[in-house]
Each structure stands twice: as C-alpha cells, then as structure tokens.
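Read through the structure below, which is laid out as structure tokens, and then see the notes.
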Amino acid sequence: MQKPIQVFSEIGKLKTVILKRPSTELENLTPKIMPRLLFDDIPFLPHAQKEHDYFAKVLRNFGTEVLYLNELIVKALTEDQIKEKFVSQVITESGYSKGTVHETLKAYLLNLNTENMISKVISGIRKDEIELKFLSLEELSKNNSYPFFMDPMPNLYFTRDPAAAIGEGLSINRMTFAARQRESLIMEYIIAHHPRFTGHGIQVWRNRNHDKSIEGGDELVLSKDTLAIGISQRTTAVAIEDIARGLFEDGTFKKIIAIRIPHSHAMMHLDTVFTMINHDQFIVHPEILNNAGQIDSWILRPKKNGEIAIEHQKDLKKILKQTLNLTDIDLIPTGAGDEIVAAREQWNDGSNTLAIAPGEVVTYDRNYVSNKLLKEHGIIVHEIHSSELSRGRGGPRCMSMPLVREV
Ligand SMILES: NC(=[NH2+])NCCC[C@H](N)C(=O)O
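With the UniProt record's numbering, the residue at position 229 of the sequence shown is 229, and numbering never jumps.
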C-alpha cells in the first residue's frame with residue numbers, strides 16, 4: 001500500500017500537497033494586533049484568494065493533487081468525541097483552560113456544524129459575538145479592551161511551517177510565537193484522525209509537546225539521506241538535536257546540515273534565504289554569506305554508540321558538494337546579487353521557491369530580477385501573482401506542505 005507521506009527530496013516531482021486557502025482570518029487583522037500576528041500589512045482578501053486559487057491551479061495543471069487543510073481537519077473530526085476534545089483543547093490553548101469563557105466558547109463552537117466550527121476557530125472569535133453569563137472576578141477584571149476571545153490564525157496559509165513531512169514521517173512543530181502555536185494542533189488531529197493518515201503507523205519525528213521550537217520553513221529535505229535545518233529566529237539548536245536523534249535512530253537520514261542564519265523577521269526561516277531548485281542548483285540570498293561564500297554550519301552525523309558527531313564547516317558550496325556527493329554546485333544569488341535588488345526581492349520571498357520537479361519552480365511574479373536569472377540558469381519558472389499573498393511574508397514554498405514527492 002502506498003504510504004500517505006513520502007518526502008525524500010526537496011525537488012522531486014510534487015505529487016501531493018496541502019494548501020490553506022486564505023479566508024476571513026485575514027479580515028480580522030488590525031494595525032494594533034498585526035505585529036503580534038506576524039503580518040506587516042493587511043492583505044485585500046478577495047485578491048489574496050484569487051492569487052491563491054491561481055497558485056492551486058498551477059499546481060493542479062502540473063498534475064499535483066491539492067488537498068485543502070480545512071477539508072482535512074473537518075474530515076478528521078467526524079466523531080463527536082474527537083471533535084469535542086479538539087474544541088476543548090483549542091480553547092484551552094487560546095488562554096481559557098476552564099471557567100465561564102471556556103464553557104461558553106465550547107457551547108458556541110459545538111453548536112456549529114464542523115465546517116463552520118473550523119472556519120470560526122481559524123477566523124477568530126470576537127468578544128462582541130458572544131454573551132457571557134456568571135463571570136468570575138478574575139474573568140471580569142481581565143483586559144476588556146482586547147477585541148478577541150480567540151485570536152485569528154492569519155498565518156495558516158503558510159502550511160509549510162506547523163508541520164513538515166520528512167521521509168515517511170513528519171515533525172509536528174512546536175511553534176515559536178503564540179500567534180502560530182495553535183496551528184500545529186490542527187495538523188496533529190489531521191494526522192491522528194483523518195482516514196488518509198490514521199492507522200498507517202506514521203512516525204512523528206518530534207511532536208509539539210516541547211518548550212524549544214522548530215518550524216517547517218527551516219526544514220529542507222535535500223536528499224534521501226540529508227536534511228538542511230536552519231538555526232533561526234524560529235528553530236532552536238536544541239530542537240534540531242532532538243529531531244536528529246529520532247531520525248538517526250530510524251536510520252533513513254544520515255546527515256543534517258544545521259545552518260545558522262540571521263535571527264530576524266525578514267529572514268525568519270532558512271527557506272526565506274535558501275531553497276533547492278535542482279539536483280545541483282540552489283537560490284541563495286547573498287546577504288547570508290560573507291565575501292568568501294561562508295556561513296556558520298554544523299554537520300550532524302550519527303555515531304555508532306547512539307551519540308551525535310558534530311562537525312563545524314563554513315564553505316556552503318563545499319558543504320553541499322560533500323554531503324550531496326556532487327562535483328559542482330550552482331548557487332544562484334537572489335536579486336542577481338545586487339545589494340538593493342536582493343534585499344527587496346528577498347523581503348518579498350524571491351528566494352522562497354517551490355520546486356515542483358528538478359529544475360522547475362513556482363515563484364512570485366514580483367521578483368522579476370531573480371526570476372529572470374533563474375531562467376538564464378536553465379530553470380523552468382511558473383510565476384504566480386503576488387500582490388496580496390506576499391504581505392504575509394511568505395512565498396510559494398511556505399504556502400505549501402508537500403506530502404508526496406517522487407525521488
Ligand atoms: N516558511 C516560511 N518562510 N514561512 C513564512 C511565514 C510567515 C509568517 N508571517 C510568520 O512570520 O510566521
């Protein structure tokens with residue numbers, strides 16, 4: 001029987017992917033809460049949806065099966081008991097573990113059909129939607145000016161981050177910021193209860209019950225035995241060692257390149273500055289490398305006694321050649337290496353390419369300098385519209401969670 005998750009490559013023909021169509025959660029963004037919810041602007045929803053539908057169409061036309069996150073979670077919650085447990089947990093993780101608010105939100109959500117309940121959970125619940133009775137002093141004295149009981153989840157269209165398929169398993173991620181922490185709960189329920197996944201013995205390399213974070217934008221499957229993981233604003237060195245232990249013990253993966261990138265909002269994940277586009281071609285934001293093409297990296301390998309060997313290296317080309325057994329590497333600079341163009345196009349995810357086959361990528365049309373250079377390097381580029389989607393600070397790779405790729 002075909003395994004529901006098979007990702008042994010970053011570039012193999014993309015067979016199945018999970019997307020989330022942006023919806024009303026984006027309309028609950030306001031200037032006050034925007035920074036906390038990790039947005040820099042408020043996208044115009046109808047246009048964001050059009051752009052996203054076009055992205056999905058490009059993938060479908062290519063032959064990729066597109067699954068939508070909302071539909072997966074609705075189907076995972078068909079049993080009343082599981083639905084109730086999910087609702088309780090998401091309310092608890094929104095800050096109400098018990099009491100009148102918890103009970104009232106629970107009754108409100110369970111009164112909706114599952115599809116509407118999920119849309120509500122994702123779009124957020126405003127305080128003026130609900131009437132509360134019998135509040136305790138603690139509840140009465142809480143900050144009343146805040147407009148939401150449950151925050152919207154506007155970042156959910158970046159399906160790459162809350163979970164990442166690696167081999168025949170996945171990591172279900174402990175997210176860094178509160179704004180995204182509930183997102184991986186949705187993935188946890190999908191993997192545990194959706195008929196497509198349940199009962200297949202899917203390995204969870206690292207679950208979300210940890211203090212130290214890791215996010216999918218930092219997790220790149222470079223080959224069937226090598227991963228690259230960013231040490232970043234979102235992914236801790238501790239979490240990388242944790243996941244390395246599980247993966248090495250299983251035996252499928254044998255090398256992890258941990259690459260330390262700047263800890264900033266513009267470069268929050270490794271895939272915002274470095275993505276793989278062919279067996280020997282990568283796009284890289286020039287700002288992360290010094291003049292000698294170096295960046296602090298550590299190669300993790302399993303030792304015989306179950307411990308992990310760690311080797312410090314700096315030359316990115318050399319590291320990639322060594323770990324992927326290649327004689328040469330084509331590192332294509334974002335923005336053609338121009339200081340200003342590179343910074344501008346990186347900000348709008350010019351380095352965040354989604355490979356759909358070796359040498360064939362989906363990118364944002366606005367990054368025309370990088371796109372032109374990719375074509376000059378022989379890459380087939382499918383450009384998608386990006387005026388609104390890019391305002392969430394993520395590109396085609398972030399907006400997709402591959403489940404199955406050819407090797
Ligand atoms: N894999 C990625 N680069 N994801 C981008 C996520 C952007 C999102 N606004 C965040 O800050 O979390």
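Virtual Cβ for every residue (Gly too), placed ideally from N, Cα, C.
Continuous beta strand (DSSP E) stretch holding residue i: start and end
i: lysine 255; result: 255-260
i: methionine 150; result: 148-150
i: lysine 15; result: 14-19
i: tyrosine 189; result: That residue, tyrosine 189, is in no beta strand (DSSP E); its alpha helix (DSSP H) goes 183-193.
i: isoleucine 172; result: 169-172
i: glutamate 65; result: 65-68
i: serine 166; result: It is isoleucine, not serine, that sits at residue 166 in the sequence shown. 163-166 is the span of the beta strand (DSSP E), which, as asked, contains isoleucine 166.
i: arginine 206; result: 204-206
Contact under 7 Å by Cβ, residue i with residue j
i: glycine 293; j: lysine 321; result: no
i: leucine 324; j: valine 284; result: no
i: serine 232; j: isoleucine 261; result: yes
i: phenylalanine 158; j: cysteine 398; result: yes
i: tyrosine 364; j: serine 400; result: no
i: glutamate 345; j: glutamate 51; result: no
i: leucine 14; j: threonine 64; result: yes
i: alanine 258; j: isoleucine 214; result: no
i: asparagine 70; j: isoleucine 118; result: yes
i: residue 415; j: phenylalanine 134; result: With the chain running from 1 to 407 in the structure shown, residue 415 is simply not present.
i: aspartate 218; j: threonine 236; result: no
i: aspartate 280; j: isoleucine 329; result: yes
i: leucine 227; j: isoleucine 256; result: yes
i: isoleucine 122; j: methionine 150; result: no
i: residue 414; j: alanine 56; result: Shown here, the chain extends from 1 to 407; a query on residue 414 therefore has no answer.
i: valine 369; j: valine 341; result: yes
i: asparagine 302; j: glycine 337; result: Note that residue 302 corresponds to proline in the displayed sequence, not to asparagine. No, these two residues do not count as a Cβ contact at 7 Å.
i: leucine 354; j: valine 362; result: yes
i: valine 273; j: isoleucine 288; result: yes
8 Å contact criterion, which residue i and residue j should meet: CB distance rounded
i: histidine 200; j: proline 4; result: 5 Å
i: leucine 326; j: isoleucine 310; result: In fact, because the Cβ distance is near 23 Å, the residues do not count as touching under 8 Å.
i: isoleucine 277; j: glycine 216; result: Contact flag wrong, Cβ pair sits at about 18 Å.
i: arginine 126; j: serine 171; result: That belief does not hold up - the Cβ atoms of arginine 126 and serine 171 are roughly 33 Å apart, past 8 Å.
i: threonine 114; j: valine 74; result: 5 Å
i: alanine 179; j: arginine 36; result: 6 Å
i: threonine 43; j: glycine 395; result: Looking at the sequence provided, one finds proline at residue 43 rather than threonine. Not quite, the Cβ-Cβ distance comes to about 14 Å (not below 8 Å), so this is no contact.
i: alanine 239; j: histidine 210; result: 7 Å
i: lysine 212; j: arginine 174; result: 7 Å
i: leucine 185; j: glutamate 93; result: 6 Å
i: tyrosine 68; j: lysine 20; result: 7 Å
i: valine 17; j: leucine 59; result: 6 Å
i: glycine 124; j: glutamate 25; result: 6 Å
Alpha helix (DSSP H) segment containing residue i, residue limits
i: isoleucine 288; result: Segment: none, isoleucine 288 is in no alpha helix (DSSP H) and carries neither H nor E.
i: leucine 110; result: 99-110
i: tyrosine 54; result: 45-62
i: aspartate 80; result: 80-93
i: valine 341; result: 339-347
i: isoleucine 329; result: Neither: isoleucine 329 is in no alpha helix (DSSP H) and is coded neither H nor E.
i: valine 7; result: Unbroken run through valine 7: none, as it is neither H nor E.
i: leucine 354; result: Taken as a continuous stretch (DSSP letters only), leucine 354 belongs to no alpha helix (DSSP H), being part of the beta strand (DSSP E) at 354-357.
i: serine 123; result: 114-123
i: leucine 137; result: 137-140
Interface flag, residue i vs chain D, CB-CB below 7 Å
i: leucine 38; result: In the displayed structure, chain D is absent; only one protein chain is listed.
Next item on the list: Kindly confirm or deny that the segment 375-384 and the segment 20-29 touch, where touching means at least three C-beta pairs closer than 8 Å.
Entry: no
Check: Okay, do the segment 264-271 and the segment 246-253 touch, 3+ Cβ pairs below 8 Å being the bar?
Finding: no
Item checked: Ranges of the alpha helix (DSSP H) found wholly within the segment 213-286, counting only runs of at least 4 -> 237-250
Notebook entry, point to check: At which residue ranges does the segment 361-407 contain complete beta strand (DSSP E) runs of 3 or more residues, listed in the order of the chain?
Noted result: 380-384, 401-405
Check: Taking three-plus beta-carbon pairs below 8 Å as touching, is the segment 7-23 in contact with the segment 345-352?
Finding: no
Next item on the list: Starting from the N-terminal side, write out each stretch of the beta strand (DSSP E) that is 3 residues or longer and does not extend beyond the segment 302-326.
Entry: 308-315
Notebook entry, point to check: So, do the segment 177-191 and the segment 89-97 have three or more beta carbon pairs nearer to each other than 8 Å?
Noted result: yes
Note to self: Counting beta carbon pairs with one atom in the segment 152-170 and one in the segment 105-112, are three or more of them shorter than 8 Å?
What the structure shows: no
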